[in-house]
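J.: Under numbering that gives the first Met the number 0, residue 250 is the last one in the sequence shown; the count climbs by one each step, no gaps.
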Amino acid sequence: MDTVDILNKEFSMQDFTGDQPYDEMLVRYKDIACNYARMENVIAVLSDLRTRSSYIYYGGFSQMLERGGRKREDKVSSIWEKELFGLMHQDDLENKHWQELCFYHFMKRQPKRKRSDYYLASKIRMMSCTGSYLSVLHRMFYVLLPSSDSLWLALCLYGPLTIELPSQCMIVNSVTGHVTELEKQNSKKILSARERQILTMIDKGLTSKEIARLLSISINTVSRHRQEILANLQVKNSIEACRIAKDLKLI
C-alpha cells in the first residue's frame, strides 16, 4: 500500500454523517480559495474529503507553468490534483504525500480547538513552461467540521518560493510563529518506542498478560498503551493497527 492509498483510507474512515450545512460552508471556503488565488496569484486547490472532489483556482503563477493557458477555475472528481502532480519532480511528489500523511496524524493528535492554528509548508520543484524546474512554496491547511472531529476540507496553495525555508518541510503554528521541522516530526513519532515494541508483540500474537510479563509492566499499562496505539493510528482494533503500522514501516 503506497502513501496515497493510506491517505485515502484514513480520509474514508472519518465520520461525515450528521446534520451539517455542507453546501453553505463550502461556498464560503470556495470564496476563500478563490481569493487566495486572486490576491496572492497562487494556484489554490480546495479538496472536499467527504465528496472526493476538488476545486482548483488558477492565479497568475499558473502562467509560469505548463498549465498557464488553463481557465480560471476547474472542478475535478478527485481529491488529488493530478494535473499539477504531473509537473512536480517525482522525488518531491513522493515526499509531498508522505509529509501530508505525517501532517494528518499530527493534526489528529492536536486538541480540536488548536487544529486551525497549524499549516504545512514545504519546498517542491515544478516544471515551468520553458522546461526548467521552478522552486515552489506549497502550503496546506485543513478545515475541521464545526460539530465533529473530522477534517473536512484540505486547502493547498502553490506559488513561487521567494524566501529560503529553514527546512525542506515544516509545520507552522500561525498563532505563535513556532516552527517544527517535519524531519523531526517523522513517521516514528506517530508511535512511541514503547508503543512500537508492544504493537510488534501484538503482531506476533502475544496477549496483554504475556506482554506485561515480558516487559515487567502491569496489564493496565499494556491496556493503556494499546488504547494509545489505536488512537494515534486512527484505527478501531489491533488487526488494523498492525496492518497500518506495517504500511507506515513502524514495525
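By construction, the Cβ of each residue, glycine as well, lies at the ideal position given by its N, Cα and C atoms. Keep in mind that this is a model prediction, so the values were computed, not measured.
(1) So H224 packs on I250, CB below 8 Å; how close in whole Å?
(2) Taking C-beta to C-beta, are A36 and Y54 nearer than 8 Å?
(3) Indicate whether L143 and A120 have their beta-carbon atoms separated by less than 8 Å.
(4) Grab the span of the alpha helix (DSSP H) containing L83 for me, first residue to last.
(5) Is S76 near the ligand MN, in the sense that its beta carbon is under 7 Å from a heavy atom of that ligand?
(6) Measure the CB-CB distance between N172 and D90 and report whether it falls below 8 Å.
(7) Can you tell me where the alpha helix (DSSP H) with R108 in it begins and where it stops?
(8) State the CB to CB distance for the pair Y99 and L6, rounded to an integer number of angstroms; the pair is presumed to be in contact (CB under 8 Å).
(9) Skipping 5 residues on each side, what residues in its chain have a beta carbon closer than 8 Å to that of P159?
(10) According to DSSP, is I78 helix, strand or coil?
(11) Whether or not the region 23-42 and the region 147-157 are in contact is what I'm after, with contact meaning three or more pairs of Cβ atoms, one per stretch, closer than 8 Å; do they touch?
(12) Taking only the alpha-carbon atoms, compute the straight-line gap between V251 and C128 and give it to the nearest angstrom.
(13) The beta strand (DSSP E) with S46 in it runs from where to where?
(14) Between the C-alpha atoms of R195 and V26, what's the straight-line distance to the nearest angstrom?
(15) Taking all protein chains shown into account, decide if D47 is buried (16 or more other Cβ within 10 angstroms of its Cβ) or exposed.
T.: Taking the structure as given:
(1) At roughly 14 Å, the Cβ-Cβ gap does not stay under 8 Å, so H224 and I250 are not in contact.
(2) no
(3) L143 places its beta carbon 8 Å or farther from that of A120.
(4) K81 to F84
(5) By its list of ligands, the structure shown contains no ligand whatsoever, and the ligand MN lies outside what it can speak to.
(6) no
(7) Q89 to R108
(8) The sequence given here has Glu at residue 99, not Tyr. 7 Å between Cβ atoms; contact.
(9) F60, M63, L133, S134, V135 and L136
(10) coil
(11) Three or more pairs of CB atoms, one per stretch, sit closer than 8 Å, so the region 147-157 contacts the region 23-42.
(12) Because the chain spans 0 through 250 in this model, residue 251 falls outside it and cannot be assessed.
(13) I42 to D47
(14) 43 Å
(15) With 16 or more Cβ atoms within 10 Å of its Cβ, D47 is classed as buried.
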